[in-house]
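Under my numbering, the sequence shown is numbered contiguously, ending at residue 257.
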Amino acid sequence: MTVSFSAIQPGLKLADQVARQLEARIRAGNLQPGQKLPTEAELVQQLEVSRTVVREAVSQLKSRNLVESRQGSGVFVKAAGIEPLDFEGLPAAGRNALIQITEVRRALEAEVAELAARRRSEEDMQRIHDAESALAEAVRLGRDGVEEDMAFHRSIAQASGNPFLISTLDYLSQFLRGAMRITRANEARREDFGKAVEREHHSIVLAIEAGDPKAARKAAATHMGNAIDRIHRADASFWEQDGERLARDILAAKP
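Take a look at the structure:
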C-alpha cells in the first residue's frame, strides 16, 4: 500500500510536524505494523524537508516505540500502543488552542459540577462560597483574578469527591491557567463580559447548594460555552495586542 504525505508548512518545528504526520498515519492504520516506512529519500521528496529533519522525526517515533530499525532493511512500523496524554506535544495554535482547551474544560467542569451537587457537604459549600468571595474581591481590587478563579473551580472539584477528577484538573492547571489568563484579560475589557462571568459563577454555586445535579451541570456547561462565545466576540485590537501572543504561549507551559 502506497502512503502519501503532505508537504510541511513553515511555522512549528519541522521535525515535530513530520513526526506528527507519520504518527497520525500509523495510528489511523494507513501504515500497518510490520510495514516498512518510505525511504528517507522518499520522505524528503514528499514532505519537502531536509534529510536531517526526517531523521530527527523518525528518532522521535522510535522514542515513542512506534517504529524500529532493522539492520540493513530499513525502518518498520510497530503496533501502536495507547496514546499517552501529552498536552506538551500539541501545537499551540493561537486562538484555536484557547477555544479547544476551553472545550476540554466544558466537558470536565460540567461533570464536576453535577457530582458536586450530589455530594457536597456543608464544609464544601463554605469553601466554595469563600472562593467565590475571594474572586469577587480580587476583581474589586483590580487584579486579574486568575489564581482566585482557579481556586473557585478547584473548590467545586473538591466537592465532587472524585480524586481522579481532581488530579486530572490539577495536571491540566498548568495549561488552564494560561487559557484563563487570556479569557479573563478579554473579559476585563468589557463590563458586560465581567458581569456575565460573575452571574454564571453564582448560578453554578446556587445549583450546587440546592443539590440540583442537572441544573449544576447545565450552569457549568453554559459558563464554559459562553466563555468560548466571548473568545469569538473579542475585538480585533485585543488579539492584535496581547491575546494572540498569550494564546501561542499556552502550551509552552511545562509541568
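Positions of the beta carbon are idealized from the N, C-alpha and C atoms, including for glycine.
Length of the line joining the Cα atoms of Glu58 and Arg97: Along the sequence shown, read from residue 1 onward, the residue named residue 58 stands at position 56. Along the sequence shown, read from residue 1 onward, the residue named residue 97 stands at position 95. If I take the Cα positions, the gap works out to 29 angstroms.
Where Lys258 sits in the DSSP three-state scheme: Residue 258 is absent from the structure shown; the chain starts at 3 and stops at 257.
Alpha carbon of Glu116 to alpha carbon of Pro215, nearest angstrom: Residue mapping note: residue 116 aligns to position 114 of the sequence shown, counting from 1. Residue mapping note: residue 215 aligns to position 213 of the sequence shown, counting from 1. The alpha-carbon atoms of Glu116 and Pro215 are separated by roughly 4 angstroms.
Exposed unless 16 or more other CB atoms sit within 10 angstroms - verdict on Arg53: Indexing the sequence shown from 1 puts residue 53 at position 51. Flag for Arg53 reads exposed.
Buried or exposed (CB count within 10 angstroms, at least 16 for buried), Leu143: Taking the sequence shown and counting its residues from 1, one reaches residue 143 at position 141. Looking at its Cβ environment, which holds fewer than 16 other Cβ atoms inside 10 Å, Leu143 is exposed.
Rounded separation between Asp194 and Ile233 - CA only: Numbered from its first residue, the sequence shown carries residue 194 at position 192. Numbered from its first residue, the sequence shown carries residue 233 at position 231. In a straight line, the C-alpha of Asp194 is about 14 angstroms away from that of Ile233.
Three-pair Cβ contact test at 8 angstroms for the segment 133-141 versus the segment 167-181: no
Beta strand (DSSP E) segment containing Ser71, residue limits: Here the question's residue 71 lines up with position 69 in the sequence shown. Start and end: 69-72.
Reference Ala30, options Val79, Ala136, Met127, closest by Cα: Locating residue 30 in the sequence shown gives position 28, counting from the first residue. Answer by Cα proximity: Val79.
Assigned exposure category for Asp237 - 16 Cβ within 10 Å defines buried: Along the sequence shown, read from residue 1 onward, the residue named residue 237 stands at position 235. Result: exposed.
Same chain, Cβ closer than 8 angstroms to Glu134, neighbours up to 5 away in sequence not counted: Numbered from its first residue, the sequence shown carries residue 134 at position 132. The residues are Phe154, His203, His204, Val207.
Of the listed residues Ser61, Thr41, Arg108, Ile130, nearest to Ser75 (C-alpha basis): Taking the sequence shown and counting its residues from 1, the one referred to as residue 75 is at position 73. Closest by alpha carbon: Thr41.
First through last residue of the alpha helix (DSSP H) which encompasses Glu111: In the sequence shown, the residue the question calls residue 111 occupies position 109. Here the alpha helix (DSSP H) through Glu111 covers 97-121.
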